[in-house]
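In our numbering, the protein residues as written are 1170 to 1438.
Beneath this line is the structure, given in structure tokens, with notes to follow.
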Amino acid sequence: MRKYLLIVILLHQCLLAFPQLFDNTFNSNFAWNVKHINQFIDRFNNADEEFTQYNKKNNPQLVLSREVMLKSLFNLDNRNWNIAEIKTFIKEITDTSRQQYIPYYDMRWCAKVKCIVIWKSKPQNVVLTLKIVLQSDSSSKWVVSGVDAPFLKSKRLTDSLSNITYYIPQPVNHQSFLHPYSHATSFSNINLISNNKANVGDFFLLSNNSCLGEMKVFIDEIIKNRLIVKKAYAVQYYFFQIKGWIIEVSQFSRYSKNSGWLISKLTKT
């Protein structure tokens, strides 16, 4: 009987402790999770003050050096990493004589956004390259700087490039654009590109209101009501600011400290 009571008491204590354990794990995972690309940049630059304060309060024994923060930004589920390269990469970035950082307002990084579009009444896939640009009033926005649309590469379209206008209409107003935090919702507003044809020029990175190649065809199809951008379904980011390296960042949704926006590929150039 006593043995039975002891088992019941121990079980009860375990059940009482479980919610607290779960809450601690959940809070820890949530804190480490890299929730958006701004946070990735902050942690890469060792400037995530909110996370630093959380760690000081909950894990004061853990010293979060920049090296530790950088290591935490790699997708640890990838068993094919070149460890020697990663060590070299981190050593170069943290070299106290010339530490390297990722500037947010810098044209040397971009988002690759996979989208569904409707062209000739049929769904098609397109990859749009987007960049952050600063405007004359010091505000910023996302603009399309590149288009990869295989369905627009047909010979007929290529042959007809000479018939496509080189001039994009001047925007009627500047009220419709991809706001600077569009990435926080995984570019769920990407459909704005084709919703406002009068201001289509505000959504693209143009030179003297003109563009070349596939982007020119893409814009022309929008203006002529033949192409509708429906939605984004996947996003990846590429950073080129670190000398000698290309950093690819993807989202990993899982119940783990090592989750969110993490380095999925590192290429030495």
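From the three backbone atoms N, C-alpha and C, an ideal C-beta is built for every residue, glycine too.
Check                                                                                                            : Outcome
Assigned secondary structure, F1372 (DSSP; H/G/I helix, E/B strand, else coil)                                   : helix
Cβ separation of I1450 and Y1402, assumed to be a contact under 8 Å, to the nearest whole Å                      : This structure leaves residue 1450 out entirely; the chain is present only between 1170 and 1438.
Limits of the beta strand (DSSP E) - the one that L1297 falls within                                             : 1291–1303
Beta bridge counterpart(s) of E1417 as assigned by DSSP                                                          : Y1407, K1434
Identified DSSP bridge partners for G1429                                                                        : V1203, F1421
Residues bridged to I1287 [DSSP beta-bridge criterion]                                                           : P1292, I1397
Cross-strand partners of G1315 (DSSP beta bridge)                                                                : T1298
Residue range of the unbroken alpha helix (DSSP H) whose run includes L1321                                      : Element bounds for L1321: n/a, residue is neither H nor E.
Short Cβ contact (7 Å threshold) for L1303 with A1280                                                            : no
Cβ neighbour criterion (16 or more within 10 Å) applied to F1387                                                 : buried
Contact check, V1312 vs L1297, beta carbons under 7 Å                                                            : no
C-beta contact flag for I1391 and V1418 at 7 Å                                                                   : no
S1308 in three-state terms, based on DSSP                                                                        : coil
N1202 classed as buried or exposed, judged by whether at least 16 other C-beta atoms fall within 10 angstroms    : buried
The alpha helix (DSSP H) enclosing S1357, as first and last residue numbers                                      : No alpha helix (DSSP H) contains S1357, which DSSP labels as neither H nor E.
Test item: CB-CB of I1206 and H1352 under 7 Å                                                                    : yes
Spatial neighbours of N1247 in its chain, beta-carbon cut-off 6 Å, leaving aside the 5 residues before and after : none
Residue of I1210, D1211, A1200, A1253 minimising C-alpha distance to N1228                                       : A1200
In DSSP terms, what L1347 is bridged to                                                                          : W1311
C-alpha gap between R1235 and T1263, whole angstroms                                                             : 7 Å
Alpha carbon of S1422 to alpha carbon of A1367, nearest angstrom                                                 : 38 Å
Y1223 (DSSP reduced to helix, strand or coil)                                                                    : helix
C-alpha distance - S1428 paired with N1294, whole-angstrom precision                                             : 27 Å
Q1344 versus K1412 - alpha carbon distance                                                                       : 37 Å
Classification of D1371 by the beta-carbon crowding that lies within 10 angstroms, buried from 16 upward         : buried
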